[in-house]
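Scroll down for the structure; my scribbles are underneath it.
Numbering (the UniProt record's numbering), first residue to last: 1 to 216.
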């Protein structure tokens, strides 16, 4: 059953990634509080533990680098950035540059980019500085991918925020949708689609009963 709403409940930044990938997955995790660990989620936890060391340190080119709590009153978002680099500008100001760590490699969908964009939107509201780009670091390729925070990505992210706000307000999980390739890669497939487990169990039960009846 969905958890009871909390006062002033905010949308987690991590939910944006889930919502763009699959709105039902986002609701199962963030509304119904369901989660299922697999090797991929465990690897992701280790990667984020390494990234989220906290504190401020110096990066290349005199950049301040830190793990930073983020929030947006306007969009009702909250969370923590893996890393934010504050890049010195010619006028003496610092421009935020969010960096999100991911376990695998760049995806064909834009779920990771939407999560990064949501961080950029929070940083813009918090600092008053524009955030025209950020980066996704993928552990499998050990490379950063620079992501422009452009109008198209902002629109995708804002649409996901609106969808999540509606889900949170209604406290209702959307029905399953036919995303076969995404479903196969989802750690929640058995919780989301119990028929994927029920079918082979039913087949075994029927075959066993048939053999018992034949032996009588």
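Don't be surprised by glycine CBs; every beta carbon is placed ideally from N, CA and C. Since the model is a prediction, treat every value here as computed from it, not as a measurement.
The stretch 107-116 in contact with the stretch 15-28 per 3-pair CB rule at 8 Å: Because the criterion of three Cβ pairs below 8 Å is met, the stretch 107-116 and the stretch 15-28 touch.
Indicate the three-state DSSP secondary structure (helix, strand or coil) for residue 181 in the structure shown. Three-state DSSP puts residue 181 in a helix.
Could you check how far apart the C-beta atoms of residue 96 and residue 131 are, in whole angstroms? I think they sit under 8 Å. About 5 Å; that satisfies the 8 Å criterion.
Name the one or two DSSP bridge partners that residue 97 has. Within the DSSP bridge table, the entry for residue 97 names 85 as partners.
Distance CB(residue 121)-CB(residue 72) smaller than 7 Å: Contact flag set, yes.
DSSP state of residue 198 mapped onto helix, strand, coil: Because the pLDDT of residue 198 is 38, which lies under 50, any placement of that residue in the model is unreliable, and the question is left without a value.
May I have the straight-line CA-CA distance separating residue 17 from residue 156, to the nearest angstrom? One C-alpha to the other measures close to 11 Å.
DSSP on residue 167, reduced to helix/strand/coil? Residue 167 falls in the helix class under three-state DSSP.
Alpha-carbon spacing of residue 183 relative to residue 189, whole angstroms: The alpha-carbon atoms of residue 183 and residue 189 are separated by roughly 6 Å.
Same chain, Cβ closer than 7 Å to residue 163, five either side skipped, listed in chain order: By the criterion of a C-beta distance shorter than 7 Å, residue 163 is surrounded in its chain by 19, 23, once the five residues flanking it on both sides are discounted.
Proximity below 7 Å, CB of residue 148 to CB of residue 133: At the C-beta level, residue 148 and residue 133 come within 7 Å of one another.
Can you grab the Cα-Cα spacing for the pair residue 145 / residue 27, in whole Å? Using only the alpha carbons, I get a separation of about 28 Å.
Among 119, 29, 214, nearest to residue 192 - alpha-carbon criterion: Closest in alpha carbon position to residue 192, among 119, 29, 214, is 29.
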